[in-house]
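S.K.: Here it is, the structure, as structure tokens.
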Amino acid sequence: MEVKAMNRWIKRSLALAIAVALIFSTAGFQAVAQDQQVANEPTAPGMIADLVLLRPLGIVATAAGTVFFVVSLPFSELGGNSKAAYQKLVVDPARFTFGRPLGKIEGVLPAQ
Numbered sequence: 018m019e020v021k022a023m024n025r026w027i028k029r030s031l032a033l034a035i036a037v038a039l040i041f042s043t044a045g046f047q048a049v050a051q052d053q054q055v056a057n058e059p060t061a062p063g064m065i066a067d068l069v070l071l072r073p074l075g076i077v078a079t080a081a082g083t084v085f086f087v088v089s090l091p092f093s094e095l096g097g098n099s100k101a102a103y104q105k106l107v108v109d110p111a112r113f114t115f116g117r118p119l120g121k122i123e124g125v126l127p128a129q
């Protein structure tokens with residue numbers, strides 16, 4: 018009997034410790050997010066990541082979106098949503114790639 022009680026105590030203690038750790042870990046993320054909102058200036062590592070990773074991916078997304086738009090054009094014309102398809106597949110990726118300052122990615126992607 019004593020072993021079962023000990024195992025229950027260990028399980029409850031472990032569950033409590035995990036719950037407390039999760040609560041405190043999310044508080045840290047909120048503090049970091051608030052700091053990033055206050056300091057909205059692009060950083061050097063952010064600019065480098067934008068230049069090396071995001072801009073090339075944006076170019077690929079713009080090219081692929083253009084190809085998909087051209088392929089889907091007959092169907093989107095029949096459906097009456099060719100302007101929306103053009104906006105989402107061509108304009109938005111192009112704006113993300115070419116229409117923003119280097120290192121600035123906040124507020125560029127549309128809210129879901």
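For what it's worth, the numbering used here labels the leading residue of the sequence shown as 18, then goes sequentially.
All C-beta atoms in this analysis are idealised placements derived from N, C-alpha and C, irrespective of residue type, glycine included.
So the candidates are Phe92, Leu70, Gly96; which of them puts its Cα closest to the Cα of Leu119?
M.R.: Checking every option, the nearest Cα to that of Leu119 belongs to Leu70.
S.K.: Quick one: is Val77 buried, meaning 16 or more other Cβ sit within 10 Å of its Cβ, or exposed?
M.R.: So Val77 ends up on the exposed side.
S.K.: Return helix, strand or coil for Gly63, following the three-state DSSP convention.
M.R.: Three-state DSSP puts Gly63 in a helix.
S.K.: State the CB to CB distance for the pair Pro110 and Thr79, rounded to an integer number of angstroms; the pair is presumed to be in contact (CB under 8 angstroms).
M.R.: That pair is a contact at about 4 angstroms.
S.K.: Tell me the residue span of the alpha helix (DSSP H) that contains Arg72.
M.R.: First-last of the alpha helix (DSSP H) with Arg72: 72-96.
S.K.: Starting from Lys121 and walking both ways along the alpha helix (DSSP H), at which residues does that stretch end?
M.R.: That residue, Lys121, is in no alpha helix (DSSP H); it is neither H nor E in DSSP.
S.K.: Measure the C-alpha to C-alpha separation of Arg29 and Phe41 and round it to an integer number of angstroms.
M.R.: The alpha-carbon atoms of Arg29 and Phe41 are separated by roughly 18 angstroms.
S.K.: Roughly how many whole angstroms lie between the Cα atoms of Arg72 and Thr114?
M.R.: Their Cα atoms are separated by approximately 5 angstroms.
S.K.: Apart from the five residues on each side of it in sequence, which residues of its chain come closer than 7 angstroms, Cβ to Cβ, to Lys121?
M.R.: Result list for Lys121: Pro59, in chain order.
S.K.: Shortest alpha-carbon distance to Arg117 belongs to which of Val87, Leu90, Gly75?
M.R.: Here the closest residue by C-alpha is Gly75.
S.K.: Considering only the alpha carbon of each residue, which of Ile35, Leu33, Glu19, Leu90 lies closest to Leu106?
M.R.: Among Ile35, Leu33, Glu19, Leu90, the Cα nearest to that of Leu106 is on Leu90.
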